[in-house]
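Please read the structure below before turning to the comments.
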Amino acid sequence: MAVARKTILITGCTVGGIGGGLAEVFLEKGYHVFAGLRNPSKASPTLTKSSHVTLLTLDVLRAESITSAVERVTTQTGGKLDILLNNSGGNLILPGLDVPIEKAKQMFDLNFWAPVAMIQAFAPLLIKARGTIVNNTSVNAVVPMPLMSMYNASKAALATASDTWRIELEPLGVRVIALATMGVKTNAFVNKTMVELPKSSQYWDIREFIYGIYDGRLQSSGITTNEYAQKVYHEVESGVSGITWVGGGAGMARFSWWLFPRSLRDMLVESIMPFKKEMAKASQKKKV
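Under the working numbering, the final residue of the sequence shown carries the number 1539; numbering is consecutive throughout.
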């Protein structure tokens, strides 16, 4: 028998992360949640114990895993899905000159091509439900945060494609939202493996600064995953489409970004990521 509640499939629902927070809030709001994880044992007790949650062993980088998820959802819903929320993603902090090309391709596979594969696979269910696609991108899609060019570019690709899909899928009755996410405290940097800077790097002298970013400092002023998820739920239910800024300070940041000239925007970026300051300090040390 098909589930009676509205349905949502969320990828990357590991406890302590954005996906886990989203899953718990949509569950709280009355949805049946299909929670996708590569390892379901990493779901929170709230998700594990609920009869309104279906844990899916889902690796978005494997076609056969996506196919299996489609079959499972189809069986339980009668072939409909109200919301597909592509949340899975990864980050990479390293200067563009030093990023191994293979690592960069892996970043795009996870942050861009995986959502494409999910959308194509679940399109029939979404069209039947006249549903909604929500893609979790990042403010880095428009904000040129130093040392994160591959991440920025992969999220920009997803944001741009999402806004195009908004137009393409509207005649089919499917709404598309691209979340420009900012300022959320998660456990994303816990046990995260750093990519070592080569000794030949032009940025070798600021390596400690680069490695230090892995301590999660960029999330220090962010909101909780629950607060973020509540905001996302509100945006989804409000009927918005297209690129939507969500997260700690998102409203002011959006206003400032489009209003300020580039010089002031660069100053804002520098205040968050003092890259130029660190490079200047390293240059001064060489002169002493």
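Each residue gets a CB set at the ideal place from its N, CA and C atoms; glycine is no exception. A quick note: this is a predicted structure, and the numbers were derived from the prediction, not measured.
Bounding residues of the beta strand (DSSP E) (the contiguous stretch that carries residue 1260): Annotation for residue 1260: the continuous beta strand (DSSP E) segment containing it runs 1258–1262.
Excluding the 5 residues preceding and the 5 following residue 1480 in the sequence, name in chain order all residues of the same chain whose CB lies nearer than 6 Å to its CB.
1272, 1273, 1276.
- Item | Selected residue, minimal CA-CA separation from residue 1484, among 1505, 1473, 1430 | 1430
- Buried or exposed for residue 1523, please, with buried defined as at least 16 other CB atoms from any protein chain shown within 10 angstroms of its CB. exposed
Check your understanding: Under the rule that 16 or more other beta-carbon atoms within 10 Å means buried, what is residue 1552, buried or exposed?
Key -> Since the first residue shown for the chain is 1252 and the last is 1539, residue 1552 is missing from the structure and cannot be characterised.
Legend entry - Supposed contact pair residue 1417 and residue 1492 - C-beta distance, whole angstroms, cut 8 Å: 5 Å
Practice item. Can you tell me which of 1489, 1463, 1528, 1451 puts its alpha carbon nearest to the alpha carbon of residue 1428? Key: 1489
Checklist entry - Is there contact here, the region 1521–1536 with the region 1390–1397, by at least three beta-carbon pairs under 8 Å? => result yes
Close beta carbons around residue 1390, own chain, < 6 Å, minus the five adjacent residues each side
Correct list, in chain order: 1431, 1433.
Q) Closer than 7 Å: is that where the CB of residue 1534 sits relative to any heavy atom of the ligand SAH? A) This structure lacks the ligand SAH; in fact it carries no ligand of any kind.
Is the region 1339–1348 in contact with the region 1292–1307, if contact means three or more CB pairs nearer than 8 Å? no
query = Between the C-alpha atoms of residue 1531 and residue 1465, what's the straight-line distance to the nearest angstrom?
reply = Approximately 21 Å, taken between the alpha carbons.
TODO: Name, in chain order, the residues that DSSP records as bridge partners for residue 1426.
DONE: 1383
Checklist line | Beta-carbon contacts of residue 1377 that lie in its chain and below 7 Å, excluding the five residues immediately before and after | finding: 1332, 1335, 1384, 1425
- Query: Is it right to say residue 1463 is buried, meaning 16 or more other beta carbons lie within 10 angstroms of its own, or is it exposed?
  - Reply: exposed
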